[in-house]
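Chemist: The structure under discussion is supplied below as structure tokens; questions concerning it will follow.
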Amino acid sequence: MTISLDDARRVLSEVRQELLSKPNVVATGIGYKITKGKQTEELALICSVETKQSKKSLTVKELIPATIQNIPTDVYPTGIIHALQDPTGRFRPAPGGVSIGHKDITAGTLGCLVKKNNKVFILSNNHVLANSNNADIGDPILQPGPYDGGQFPQDRIAQLSEFVPIEFEGGSGHGLCSCGSTAAAILNLLAALIGSKTRLQPTRIRTTENLVDCAIAEPLNPDDVKNEILKIGTISGTAEGTLGMSIKKSGRTTGLTTGTILQIDVTVKVSYGSNKVATFVDQLMAGNMSQGGDSGSAVLNEKNQLVGLLFAGSNTSTVINRIQNVFQALQVTLP
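Remember, the numbering used here sits 12 above the position in the sequence shown when you count from 1.
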């Protein structure tokens with residue numbers, strides 16, 4: 013029986029929340045089934061787990077079925093997925109692939125340059141440039157990052173311009189909509205005038221699912237940045253990341269590494285430390301091609317087309333935002 017990608021996506025969308033609720037499961041996605049240590053050409057629903065456990069140690073409810081709606085499943089041991097913020101020279105002009113970071117973090121990676129409103133910006137992760145939502149617009153960005161010796165003000169290369177807030181599980185969100193609050197106040201005033209005791213309480217409906225971990229910063233001097241990636245060269249365009257695609261990245265910690273997209277349509281729980289966990293959907297997953305400090309790296313295919321923004325991983329896996337989602341969220345393009 014040949015399984016279509018559309019069928020696999022349909023079934024995964026129906027069962028992913030149930031699978032993620034099982035203990036030990038940290039991600040779900042679509043990939044090729046591995047049998048006896050070798051990758052087959054059979055599509056499967058992949059469950060990534062902290063540790064692979066024997067069937068005897070699991071209850072019936074905790075077990076992952078061998079098939080779901082006639083689609084096979086597979087289990088990959090990945091460990092806990094972490095946002096790759098970790099602890100190397102100063103570059104002027106600075107290309108993609110070098111150390112960078114908000115003044116209050118350790119260090120991450122300068123991804124690449126992007127354009128918005130005819131201005132050039134540095135692209136990296138929220139947790140690299142915006143300190144996981146804890147930064148203010150205008151905050152200094154250092155190159156190299158603080159862990160690598162970057163100091164303020166001498167190593168300031170840019171200022172934070174914009175970031176997409178990360179929604180953490182159990183978080184408090186980012187305040188109420190001002191329009192909603194104003195509308196509620198007007199309606200409550202009218203209710204009081206007609207003698208009604210009913211009052212409206214504005215509530216922000218929050219989603220705990222994220223698409224991207226991204227931010228941009230404006231260089232203080234456009235001549236201080238370089239529109240290429242260290243050890244890779246210039247970006248030739250953008251492309252959709254597809255299953256089995258060969259990819260590469262240049263990062264602050266592990267330099268130039270290569271890998272393969274092993275899963276698409278991934279939903280993953282990512283640990284940001286301090287008991288903060290965020291769920292990301294519509295992600296790409298590759299094998300081990302990164303370490304702490306590589307967060308923010310631009311991910312390219314063999315044609316030097318940009319396919320994603322690296323932001324998390326474990327000892328066995330790397331998680332990547334689709335570049336289409338990043339560009340849409342920030343309303344940016346390539347220069």
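Glycine is no exception: its CB is placed at the ideal position from the N, C-alpha and C atoms.
1) Based on the DSSP secondary-structure assignment, which residues constitute the bridge partners of E174?
2) What does a CB cutoff of less than 7 Å around T345 pick up in its chain, not counting 5 residues either side in sequence?
3) My understanding is that I335 touches G320, with C-beta atoms under 8 Å, so please give their C-beta distance in whole angstroms.
4) Below 8 Å, how does it come out for the stretch 107-118 and the stretch 51-66: are there three or more Cβ pairs, yes or no?
5) Is D306 helix, strand or coil by DSSP?
6) With a CB to CB cut of under 8 Å and the five nearest residues on each side skipped, what residues in its chain are close to I76?
7) Shortest alpha-carbon distance to H139 belongs to which of V132, I153 and F133?
8) Looking at V331 and V278, is the spacing between their C-beta atoms short of 8 Å?
9) From Q29 to T291, what distance separates their C-alpha atoms?
10) Going along the chain, which residues of its own chain have a beta-carbon closer than 6 Å to the beta-carbon of G308, five neighbours each way excluded?
11) With a threshold of 8 Å between beta-carbons, can C226 be considered close to chain D, or not?
12) What would DSSP say about F180, mapped onto helix, strand or coil?
13) Which residues does DSSP list as the beta-bridge partners of Q81?
Modeler: Concretely, from the data shown:
1) Taking the first residue of the sequence shown as position 1, residue 174 is located at position 162. BP columns for E174 point to I228.
2) Taking the sequence shown and counting its residues from 1, the one referred to as residue 345 is at position 333. These residues qualify, in order along the chain: V126, K127 and F339.
3) Counting from one through the sequence shown, the residue named residue 335 turns up at place 323. Counting from one through the sequence shown, the residue named residue 320 turns up at place 308. Their Cβ separation, rounded to whole angstroms, is 5 Å, which keeps I335 and G320 in contact under 8 Å.
4) no
5) Along the sequence shown, one-based indexing puts residue 306 at 294. Note: D306 maps to coil in three-state DSSP.
6) The residue you call residue 76 lines up with position 64 of the sequence shown. Result list for I76: L31, K34, V37, C59, T85 and V87, in chain order.
7) For the purposes of this step, residue 139 is taken as the residue at position 127 of the sequence shown. H139 has its Cα closest to that of I153, out of V132, I153 and F133.
8) By one-based count along the sequence shown, residue 278 stands at place 266. By one-based count along the sequence shown, residue 331 stands at place 319. A contact, by the Cβ cut-off of 8 Å.
9) Start at 1 with the first residue of the sequence shown, and residue 29 comes out as number 17. Start at 1 with the first residue of the sequence shown, and residue 291 comes out as number 279. Each residue's Cα considered, the two are about 11 Å apart.
10) Translated into positions along the sequence shown, residue 308 becomes position 296. So the list reads G120, T121, G123, S136, N137 and V140, once near-sequence residues are dropped.
11) Among the protein chains of the structure shown there is no chain D, as only one such chain exists.
12) Indexing the sequence shown from 1 puts residue 180 at position 168. DSSP places F180 in coil when its eight states are reduced to three.
13) Counting from 1 along the sequence shown, the entry for residue 81 is found at position 69. Note: Q81 sits in no beta bridge, so no partner.
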